[in-house]
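Protein chains in written order, with my numbering: chain V, 1 to 341; chain A, 1 to 267.
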Amino acid sequence: METIVCIVQTEGDGSLAKAALEAVACAKELAAGLTAQFAVGLLGETVQPGADALANCGASAFFAVSGAAFAQARYATDAAAVTALAKAAGATIVLGAATSRLARVMPGAATRLGGVSDASVTAVAAAGGKPVVTRWYYRQRMFAELTRDARPWVVTIAPGCFAAYAGAGGSAAVTGVTPELAAGGARTTVTRIISPSGEQQTIRPDAKLLFVAGAGWTKKQSDGAAHAGEAEKLILNFLNKSKASLGTSKSLIDLSGEGQQVMSFLTHMHQVGQTGATPRHPKGLATCCHGEEPHVVGWRFIGERRAVNLDANCGWAQGKADVLYVADAFKVMAKVIELMG
Amino acid sequence: MSDGYQIVVCGGIVPDPLQTLEPVHGPAGWGLKNELMLPAILDPWSGHALYEAANLAKAAAGSKVWLVSMGPKAKLQQVMMTVAQKAAFELIALDAPAGGFTEAGDVAAALAEAIEAIPGLDKSRLLLFGGWQSASRGAGATMQIVGEKLGVVDQFQGVDKLTIEDGGVLRVLERVEGGSYQESTVSGPPALFGWATGELPEPPNNPQVGMANMRLVMPALQKAKPVQLAQPAFGSVQLPCQKRETRIVKDTPVEAIAREIVDWINA
Ligand SMILES: Cc1cc2nc3c(=O)[nH]c(=O)nc-3n(C[C@H](O)[C@H](O)[C@H](O)COP(=O)(O)OP(=O)(O)OC[C@H]3O[C@@H](n4cnc5c(N)ncnc54)[C@H](O)[C@@H]3O)c2cc1C
Chain V
1 METIVCIVQT
11 EGDGSLAKAA
21 LEAVACAKEL
31 AAGLTAQFAV
41 GLLGETVQPG
51 ADALANCGAS
61 AFFAVSGAAF
71 AQARYATDAA
81 AVTALAKAAG
91 ATIVLGAATS
101 RLARVMPGAA
111 TRLGGVSDAS
121 VTAVAAAGGK
131 PVVTRWYYRQ
141 RMFAELTRDA
151 RPWVVTIAPG
161 CFAAYAGAGG
171 SAAVTGVTPE
181 LAAGGARTTV
191 TRIISPSGEQ
201 QTIRPDAKLL
211 FVAGAGWTKK
221 QSDGAAHAGE
231 AEKLILNFLN
241 KSKASLGTSK
251 SLIDLSGEGQ
261 QVMSFLTHMH
271 QVGQTGATPR
281 HPKGLATCCH
291 GEEPHVVGWR
301 FIGERRAVNL
311 DANCGWAQGK
321 ADVLYVADAF
331 KVMAKVIELM
341 G
Chain A
1 MSDGYQIVVC
11 GGIVPDPLQT
21 LEPVHGPAGW
31 GLKNELMLPA
41 ILDPWSGHAL
51 YEAANLAKAA
61 AGSKVWLVSM
71 GPKAKLQQVM
81 MTVAQKAAFE
91 LIALDAPAGG
101 FTEAGDVAAA
111 LAEAIEAIPG
121 LDKSRLLLFG
131 GWQSASRGAG
141 ATMQIVGEKL
151 GVVDQFQGVD
161 KLTIEDGGVL
171 RVLERVEGGS
181 YQESTVSGPP
191 ALFGWATGEL
201 PEPPNNPQVG
211 MANMRLVMPA
221 LQKAKPVQLA
231 QPAFGSVQLP
241 CQKRETRIVK
251 DTPVEAIARE
261 IVDWINA
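Below is the structure:
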């Protein structure tokens with residue numbers, strides 16, 4: 001008989017973010033499939049609001065590691081916390097969202113528990129009474145279904161794969177858990193979170209549209225000159241109007257390393273692809289991007305895909321996009337912005 | 001740090017991403033079709049880790065860089081011909097399959113054992129570097145487990161910047177959600193850094209560095225210890241059905257294209 005614990009991190013005010021609620025939905029579904037019980041293990045400075053939000057989720061128990069030391073993501077404290085929560089719940093399966101905070105400690109915690117781990121799984125099922133997970137290999141090029149006999153089995157769930165738990169809240173009784181921390185206290189201090197401000201905040205994980213800018217925006221155009229300044233204005237203008245999330249190709253980002261004129265608001269975190277991100281959005285629009293395989297593997301979780309490229313034979317034409325507009329992106333995007341009003 | 005750092009970079013090898021990859025099941029479990037024929041490269045994020053390590057070693061007198069790499073010997077040799085020209089390091093090679101289907105825990109245990117065996121290893125000077133994920137398994141697990149096995153609990157993942165401050169304090173920027181960074185400080189080694197892209201471009205080939213490295217690379221490859229790696233119980237490994245019916249719109253006025261795009265965005 002499996003015992004599941006779902007680790008959920010709380011936000012600064014004790015509430016739960018979408019990814020945490022998705023992990024709870026996953027735990028609930030898996031527990032039902034295995035006719036097993038699931039507990040919730042909360043982690044954060046303040047946990048009661050989060051526990052109360054889950055009061056009616058069907059969890060058999062609520063455990064929590066809380067306090068100022070657990071306000072922020074820090075390996076030494078978080079790994080100890082996840083380990084303690086899993087032990088308190090007597091868990092054979094430990095689930096958690098693959099957020100930046102949990103993804104960077106769950107495999108480590110699995111080692112402390114003497115267990116095994118799988119990261120960023122996109123589906124979880126109970127097949128013949130056994131849990132089976134699906135995850136991607138080789139940067140989203142192929143996917144596998146796998147199961148394991150070893151326990152505890154620590155699994156992180158890729159955000160966006162389950163509908164977030166949305167049941168009514170209530171009042172939950174939480175059992176506090178005290179993790180074993182190294183004597184002498186933590187050597188790491190989290191000093192701050194640095195976020196791009198206002199217009200510069202162009203990575204928007206919840207946006208409906210991913211807008212990808214490729215290196216073509218900086219290349220010489222039909223008049224023999226490059227127009228990076230104009231490109232920058234068009235892109236920012238479109239992002240403001242559409243509230244899309246911005247992605248780029250590697251070539252565009254790498255140009256900055258080579259000292260060429262590129263767009264000031266781009267960072268490596270915008271890069272989509274093999275060595276970049278694999279964001280999840282219902283739609284994606286690629287502009288001035290060739291659609292080569294190492295780029296397009298980053299589009300695995302983009303629903304509808306359209307591209308604007310001068311070249312009718314670019315990669316997007318080869319079954320990688322639903323629609324390819326063979327046109328000048330400068331002109332098309334200027335008109336799109338105008339039409340958006 | 002008066003004596004410098006001991007920087008150990010863990011870096012696997014992966015097939016060149018420009019290659020077509022197809023899963024196959026063989027006697028040793030799951031692997032890639034023609035795996036041994038596919039050209040390999042140093043895992044890109046490990047590559048960034050290596051360049052950052054070399055840069056840091058240059059800045060902190062007395063530092064030394066090791067590259068611990070696991071893969072089939074012949075493939076390692078091929079990859080090292082290029083990598084050895086990029087940065088100065090001493091190679092520690094482990095002979096095992098390099099694929100993504102192997103067990104991260106087994107890989108990490110072998111890497112940790114090889115690191116423990118480095119003559120003169122001093123954990124009070126140790127900085128463990130690696131990629132925050134690989135281009136094969138992509139789990140972000142191996143480095144965490146290596147750290148656990150070596151008792152290094154000051155770990156950072158998705159690192160893009162590491163600076164050494166007065167008194168040897170290390171200041172780190174880690175990627176978090178929404179294009180933000182978490183900034184932390186750690187009082188000094190031992191610490192572990194899973195690198196994302198870092199800040200350095202790929203260094204140009206330096207034949208002198210290459211020659212110096214290769215003197216140690218060949219003996220390291222000869223000494224490469226064989227390692228057995230398990231796989232989880234895979235039910236299946238499949239390529240996604242990824243081909244779309246692309247509608248190509250050309251010779252169409254810009255206005256019509258723009259209108260279609262706006263309608264689609266708003267739909
Ligand atoms: C190890 C490795 C890892 C990699 N990882 C990644 C990765 O993570 N992400 C990634 O993106 N790439 C990655 N690549 C690189 C990838 O192979 C391509 O080189 C890259 O994606 C090309 O970027 P691009 O399409 O923007 O630029 P280019 O190939 O230069 O294409 C520019 C395009 O712009 C078009 N264009 C120019 N002007 C206009 C205009 N006015 N209107 C419309 N179209 C125009 C051109 O027709 C052309 O198709 C990787 C490669 C390797 C070897």
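We put the beta carbon where it would ideally sit given N, CA and C, even for glycine.
Reduced DSSP category for residue i - H, G, I as helix; E, B as strand; rest coil
i	result
Y181(A)	strand
S245(V)	strand
M1(A)	No answer about M1(A) holds up, because its pLDDT of 49 lies below 50 and its placement is not dependable.
S264(V)	coil
I253(V)	helix
K33(A)	coil
Y137(V)	strand
H227(V)	coil
Q271(V)	strand
A317(V)	helix
I145(A)	helix
Y165(V)	coil
E199(V)	helix
Extent of the continuous alpha helix (DSSP H) run through residue i
i	result
K75(A)	K73 to V83
V24(V)	K18 to L34
G50(V)	Q48 to A53
L50(A)	P44 to A59
N266(A)	V254 to N266
A28(A)	Where A28(A) is concerned, there is no enclosing alpha helix (DSSP H), given that its DSSP letter is neither H nor E.
S100(V)	S100 to A103
V5(V)	Segment T3 to Q9 is the beta strand (DSSP E) holding V5(V); no alpha helix (DSSP H) there.
Chain-ordered chain V contacts of residue i [CB-CB under 7 Å]
i	result
V186(A)	R187 and T188
I279(A)	Outside the modelled stretch of chain A, which goes from 1 to 267, sits residue 279(A), for which no answer is possible.
Residue burial classification, residue i (beta-carbon count within 10 angstroms, cutoff 16)
i	result
P226(A)	exposed
N309(V)	buried
S136(A)	buried
M81(A)	exposed
G120(A)	exposed
K75(A)	buried
V9(A)	buried
Q208(A)	exposed
D118(V)	buried
Cross-chain neighbours of residue i in chain A, by beta carbon under 7 Å
i	result
T35(V)	Within chain A, no residue comes near T35(V); the closest Cβ sits about 21 Å away, beyond 7 Å.
P279(V)	By Cβ distance, chain A contributes nothing, its closest Cβ being about 11 Å from P279(V), past 7 Å.
I235(V)	Residues of chain A passing the Cβ test: none, with the nearest at roughly 15 Å.
Same chain, Cβ closer than 7 Å to residue i, neighbours up to 5 away in sequence not counted
i	result
L34(V)	E2, A126, G129 and P131
A81(V)	L43, V65, F70 and P179
A207(V)	K243, A244, S245 and H281
Range covered by the beta strand (DSSP E) that runs through residue i
i	result
F330(V)	No beta strand (DSSP E) contains F330(V), which is instead part of the alpha helix (DSSP H) from A329 to M340.
M142(V)	M142 to T147
I248(A)	R247 to V249
E116(A)	Careful: E116(A) lies outside any beta strand (DSSP E), inside the alpha helix (DSSP H) at A104 to E116.
P15(A)	I13 to P15
S236(A)	A233 to Q238
G194(A)	A191 to W195
Partners in chain A for residue i, counting only beta-carbon separations shorter than 9 Å
i	result
A76(V)	V153, D154 and Q155
P131(V)	By Cβ distance, chain A contributes nothing, its closest Cβ being about 11 Å from P131(V), past 9 Å.
V40(V)	By Cβ distance, chain A contributes nothing, its closest Cβ being about 22 Å from V40(V), past 9 Å.
Listed by chain order, chain V residues near residue i by CB distance under 8 Å
i	result
R175(A)	S100 and M269
E255(A)	K335
L21(A)	Y138, R141 and M142
T197(A)	H268, Q271 and T275
G158(A)	S100 and R104
Chain-order list of residues whose beta-carbon lies under 6 Å from that of residue i (same chain, five-residue window excluded)
i	result
K73(A)	D95, L221 and A224
R139(V)	Q274 and V297
T92(V)	E2, T3, R151 and P152
C314(V)	H290 and G291
Short CB-CB distance (under 8 Å) between residue i and chain B
i	result
D223(V)	In the structure shown, chain B cannot be found, because the protein chains are V and A.
Residues near residue i in its chain [Cβ-Cβ closer than 8 Å; skip 5 each side]
i	result
A166(V)	L21
R306(V)	K283, G284, L285, A286, A321, D322, V323, L324 and Y325
Contact set between residue i and chain V, taken where Cβ atoms lie within less than 9 Å
i	result
F234(A)	A144, E145, L146 and T147
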